[in-house]
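Residue numbers (this note's numbering), protein chains in the order written: chain A, 62 to 131; chain B, 399 to 715.
Okay, here's the thing in structure tokens:
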């Protein structure tokens, strides 16, 4: 077993996806729009061409908020 | 993917700009976009104090941080809405940020200071929660600014917010709202000037700004907002943006350049018909302002109950 550990939010849940794969492929697999999320690894962000391996732990964080921004 | 400015490895790509940035250059990009917006729309005059409406979310905390970095004398205003754990958590993030920057945070608590919370008030007044919330924010932000001597209130409305509002207004051809959808609403006659310095940044950018600067913010969605129309409009716009990057900016910024002027006269006429609210003194188009009517409905005792002493809202100075 093993794979890229992925934390999703709202609601918070975790899953594992077989690596290696690119961030864009991961988002496609999860059917997520690239405009609506950030992919966070450690304390920084990764771009959609970054390669994720089985030892990686990432957070896919939604950025859409429904309020008025204040 | 390499940074467009310095060719270092990038941490974020912005398809709208056909660019990617490393961390330092992305932070410069964000500050440049805000500085450009403030200058272009003459949002703040030299020496003016700015009151930033802070929710504990990514947009308002990023805005406050950027304004402070740009050298503006900016204090925060946190409005407690009484939305259970969500409000408790949001307030914590706002206070933590203020403390970390040594910045001043003014707090107003809707249940304590006015007498109702958003879930209860919306139900009593038969309004959707987001409507009661927006109305309360607009009124109380303005009152706090006027009473506190701040000529300017800055809100964290970003490009996605404005594009989604514009889409909603266009779908209904709400010409009065279209005429008021400007990055700056002028002050005077009981109003602080309202400014939206984030209109050139998308919410993916404000979230990235917070992650990359280590600003903790409330990630969870407001439980009152789940399933609202605004989120549906954003999803529709993001589907278009994914297929055609730059569409959201072209839609909203194009409206400002080429559409707004057609609707502005109607909004200007509405503003000329304002008079002081008979209850609180705030400017309104009717006898009693919408916030006082909401407060009246939300704090009215149930039939048969002994009436509670009514809190009278103070007029703005």
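Where a beta carbon is used, it is the ideal one built from N, C-alpha and C, also for glycine. Bear in mind the structure is a predicted one, so any value in this text is a computation, not a measurement.
For the 8 Å CB-CB criterion, residue 110 of chain A and residue 622 of chain B do not form a contact. Within chain A, the residues whose beta carbon sits less than 9 Å from that of residue 606 of chain B are 99, 106 and 124, listed in sequence order.
Remark: fewer than three beta-carbon pairs, one from each stretch, lie closer than 8 Å, so the stretch 631 to 640 of chain B and the stretch 479 to 488 of chain B are not flagged as touching. Contact fails between the stretch 636 to 653 of chain B and the stretch 541 to 554 of chain B, because fewer than three Cβ pairs, one in each stretch, are under 8 Å apart.
Per DSSP, residue 545 of chain B lies in no beta strand (DSSP E); the unbroken alpha helix (DSSP H) holding it starts and ends at 527 to 546. For residue 117 of chain A, the nearest beta carbon of chain B is not closer than 8 Å to its own beta carbon. Nearest CB-CB separation between residue 83 of chain A and chain B: not below the 8 Å threshold.
Residue 69 of chain A: member of the beta strand (DSSP E) spanning 65 to 69, first to last residue. With contacts defined as CB atoms closer than 8 Å, residue 402 of chain B and residue 419 of chain B qualify as a contacting pair. In this structure, the straight-line span from the alpha carbon of residue 112 of chain A to that of residue 71 of chain A is close to 25 Å. DSSP lists B:452 and B:505 as the beta-bridge partner residues of residue 476 of chain B.
A residue is called buried once 16 or more other Cβ atoms fall within 10 Å of its Cβ, and residue 670 of chain B, having fewer, is exposed. With respect to chain B, the C-beta atom of residue 74 of chain A has no partner C-beta closer than 8 Å. The shortest C-alpha to C-alpha distance from residue 536 of chain B to any of B:510, B:423 and B:476 is the one to B:476.
At a cut-off of 8 Å between beta carbons, residue 96 of chain A contacts chain B. Residue ranges of uninterrupted alpha helix (DSSP H) with 4 or more members are absent from the stretch 659 to 692 of chain B; none lies entirely inside it. The C-alpha of residue 662 of chain B is placed about 12 Å away from the C-alpha of residue 656 of chain B. Nearest to residue 478 of chain B by C-alpha distance, out of B:459, B:514, B:562 and B:499, is B:514.
Taking a beta-carbon distance threshold of 8 Å, residue 640 of chain B counts as an interface residue toward chain A.
Per DSSP, the unbroken alpha helix (DSSP H) holding residue 426 of chain B starts and ends at 421 to 438. Against chain B, the CB of residue 110 of chain A has a partner CB under 8 Å away; the residue lies at that interface. For residue 592 of chain B, the closest C-alpha among the options B:599, B:620 and B:548 is that of B:548.
Every alpha helix (DSSP H) stretch that sits fully inside the stretch 543 to 622 of chain B and reaches 4 residues is listed by chain position as 557 to 570, 573 to 578 and 601 to 611. Ranked by Cα distance from residue 580 of chain B, the options B:411, B:441 and B:432 are led by B:441. Counting other Cβ atoms within 10 Å of its Cβ, residue 105 of chain A stays below 16 and is therefore classed as exposed.
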